[in-house]
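Chemist: Encoded as structure tokens, here's the structure I'll be asking about.
2 protein chains.
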Amino acid sequence: MKVDRLDARIVRLFTEEQRMSVLEASRLLKVARATVQARLDRMLSSGVIGRWAPQPEPRAFGFPVVAYCSLTIHQDFGHDVVAEALARIPEVLEVHTVSGDSDLMARVAARSNADLQRVLDAVTATKAVVRSSSVIVLNTHFEGRTLPLLEAAAGD
Amino acid sequence: MKVDRLDARIVRLFTEEQRMSVLEASRLLKVARATVQARLDRMLSSGVIGRWAPQPEPRAFGFPVVAYCSLTIHQDFGHDVVAEALARIPEVLEVHTVSGDSDLMARVAARSNADLQRVLDAVTATKAVVRSSSVIVLNTHFEGRTLPLLEAAAGD
DNA sequence: GAGTGGCTGGGCATTGTGCGCAGTTTAGGC
DNA sequence: GCCTAAACTGCGCACAATGCCCAGCCACTC
Chain R
26 MKVDRLDARI VRLFTEEQRM SVLEASRLLK VARATVQARL DRMLSSGVIG
76 RWAPQPEPRA FGFPVVAYCS LTIHQDFGHD VVAEALARIP EVLEVHTVSG
126 DSDLMARVAA RSNADLQRVL DAVTATKAVV RSSSVIVLNT HFEGRTLPLL
176 EAAAGD
Chain F
26 MKVDRLDARI VRLFTEEQRM SVLEASRLLK VARATVQARL DRMLSSGVIG
76 RWAPQPEPRA FGFPVVAYCS LTIHQDFGHD VVAEALARIP EVLEVHTVSG
126 DSDLMARVAA RSNADLQRVL DAVTATKAVV RSSSVIVLNT HFEGRTLPLL
176 EAAAGD
């Protein structure tokens with residue numbers, strides 16, 4: 026779907042002020058309330074806005090350690106099957122099939138560096154995983170920053 | 026901060042139904058409205074809920090390609106400086122300092138595989154970047170899945 | 001020239017919110 | 001076992017926001 030500057034401005038408003046109401050947004054943007062409603066509905070149903078939900082921060086409830094984990098899996102198992110198995114481990118936050126040397130890449134959280142070993146063991150314990158190598162995130166400069174891209178796509 | 030089952034159930038409700046109101050949630054959970062309000066306020070101010078904003082999906086507005094990029098940077102530059110430079114490229118969605126062979130890891134989006142080259146060139150054009158190697162995400166099985174972890178932390 | 005789709009500005013009933021309150025339950029320290 | 005503080009409850013009230021209408025206006029296309 027194509028988005029325009031108004032769409033991007035709407036998303037920016039609702040991103041920066043979580044207590045923003047549609048009415049207030051329409052006032053700030055100087056457009057009719059129905060327009061903001063319509064734009065939001067359109068973006069939600071087209072998937073441009075994928076989710077609009079409270080994002081729990083593992084950092085804030087006892088899981089300050091994050092690592093990326095490259096996995097090589099046994100040829101006999103499909104990627105989907107392995108992904109399902111990994112989904113049963115709550116510490117696994119993200120799983121992608123990737124190109125390159127390894128087959129899957131996972132993002133995992135842990136309570137500490139020592140605890141990370143437990144998590145990695147759980148990952149490896151999945152029968153299909155043959156080898157895993159991980160890098161620990163020392164510092165997150167930014168993440169989940171999709172707004173600039175949306176604005177670029179809107180021609181802003 | 027420590028969270029309990031009620032916190033997790035509240036987050037789950039608001040995650041699964043984006044049109045959920047505090048009042049409706051209190052009815053479903055059979056607790057007082059003020060309790061749900063208080064829990065949400067507490068989680069928001071303590072950072073357990075980091076953000077609660079519309080999440081634009083690059084996929085849905087013309088950027089279906091995602092790649093992870095490991096960067097080695099020149100010794101003369103600090104990580105923060107490089108991260109700032111990368112932040113000026115809208116296609117860079119995420120930047121971490123990591124342990125291991127490389128210094129930084131970035132997550133980037135692009136319009137196509139061909140377009141990815143343009144983005145990677147822009148990343149490399151940052152003076153500080155010495156070397157970059159990237160893996161392309163072929164399939165995302167799941168991502169941003171923090172709810173199970175929250176529920177695990179809640180003792181659920 | 002007619003049709004289409006988006007935006008406007010308005011109204012209206014319903015619902016949710018923010019806020020305050022007093023009374024009750026719960027949890028932890030002593 | 002008791003006490004205190006914190007959390008939860010159930011309630012009411014004024015106000016704000018929502019969902020849902022509508023007719024009118026534009027710009028664009030066929």
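These protein sequence lines map, in sequence, to chains R and F. Letter by letter, the first sequence follows residues 26 to 181 of our numbering. Letter by letter, the second sequence follows residues 26 to 181 of our numbering. We treat Cβ as the ideally placed atom computed from N, Cα and C, and that holds for glycine. All values reported here derive from a predicted model rather than from experimental measurement.
Identify the contact partners of THR171(R) in chain F, using a Cβ-Cβ distance below 7 Å as the criterion.
Modeler: Along the first sequence, one-based indexing puts residue 171(R) at 146. Near THR171(R) (Cβ distances below 7 Å), the residues of chain F are GLN80, PRO81, PRO83, LEU118.
Chemist: Closer than 6 Å by C-beta to MET130(F): which residues in its own chain qualify, once you throw out the five before and the five after it? Chain order, please.
Modeler: Looking up residue 130(F) in the second sequence gives position 105. Closer than 6 Å at Cβ, skipping near neighbours: SER95, HIS121, VAL123.
Chemist: Which chain F residues sit within Cβ distance under 7 Å of GLN43(R)?
Modeler: Within the first sequence, numbered from 1, the residue matching residue 43(R) stands at position 18. Listed along chain F are TRP77, ALA78, each with a C-beta nearer than 7 Å to that of GLN43(R).
Chemist: ALA135(R): which of GLU49(R), VAL28(R), ALA85(R), GLY75(R) sits nearest, CA to CA?
Modeler: Taking the first sequence and counting its residues from 1, the one referred to as residue 135(R) is at position 110. With distances taken between Cα atoms, ALA135(R) lies closest to ALA85(R).
Chemist: Rounded to the nearest angstrom, what separates ALA153(F) and PHE102(F) at their Cα positions?
Modeler: Residue mapping note: residue 153(F) aligns to position 128 of the second sequence, counting from 1. Residue mapping note: residue 102(F) aligns to position 77 of the second sequence, counting from 1. Computed Cα separation, rounded: 6 Å.
Chemist: Using a beta-carbon distance below 8 Å, is THR40(F) in contact with chain R?
Modeler: Within the second sequence, the letter at position 15 stands for residue 40(F). For THR40(F), the nearest beta carbon of chain R is closer than 8 Å to its own beta carbon.
Chemist: Identify whether MET45(F) lies in helix, strand or coil by the three-state DSSP scheme.
Modeler: Counting from 1 along the second sequence, the entry for residue 45(F) is found at position 20. Coil.
Chemist: Measuring only between beta-carbons, confirm whether HIS121(R) sits less than 8 Å from chain F.
Modeler: Here residue 121(R) refers to the residue found at position 96 of the first sequence. Yes, contact with chain F.
Chemist: At which residues does the alpha helix (DSSP H) containing THR60(F) begin and terminate?
Modeler: As a first step, residue 60(F) is located in the second sequence; it is residue number 35 there, counting from the start. That run of the alpha helix (DSSP H) goes 58-71.
Chemist: Over what stretch of residues does the alpha helix (DSSP H) that includes ARG143(F) continue unbroken?
Modeler: Numbered from 1 along the second sequence, position 118 holds the residue referred to as residue 143(F). Unbroken alpha helix (DSSP H) run through ARG143(F): 138-150.
Chemist: Would you verify that the beta carbon of ILE74(F) is, or is not, closer than 8 Å to some beta carbon of chain R?
Modeler: As a first step, residue 74(F) must be located in the second sequence, where it is residue number 49. It does; some Cβ of chain R falls within 8 Å.
Chemist: Can you look up SER95(F) in the DSSP assignment and give me helix, strand or coil?
Modeler: For the purposes of this step, residue 95(F) is taken as the residue at position 70 of the second sequence. SER95(F): strand per DSSP, three-state reduction.
Chemist: Going by DSSP, what residue range makes up the alpha helix (DSSP H) through ALA110(F)?
Modeler: Your numbering for residue 110(F) matches position 85 in the second sequence. From DSSP, the alpha helix (DSSP H) with ALA110(F) extends over 104-112.
Chemist: Just how far apart, CA to CA, sit GLN80(F) and ILE74(R)?
Modeler: Stepping through the second sequence from its first residue, residue 80(F) is reached at position 55. Stepping through the first sequence from its first residue, residue 74(R) is reached at position 49. GLN80(F) and ILE74(R) have their alpha carbons spaced roughly 5 Å apart.
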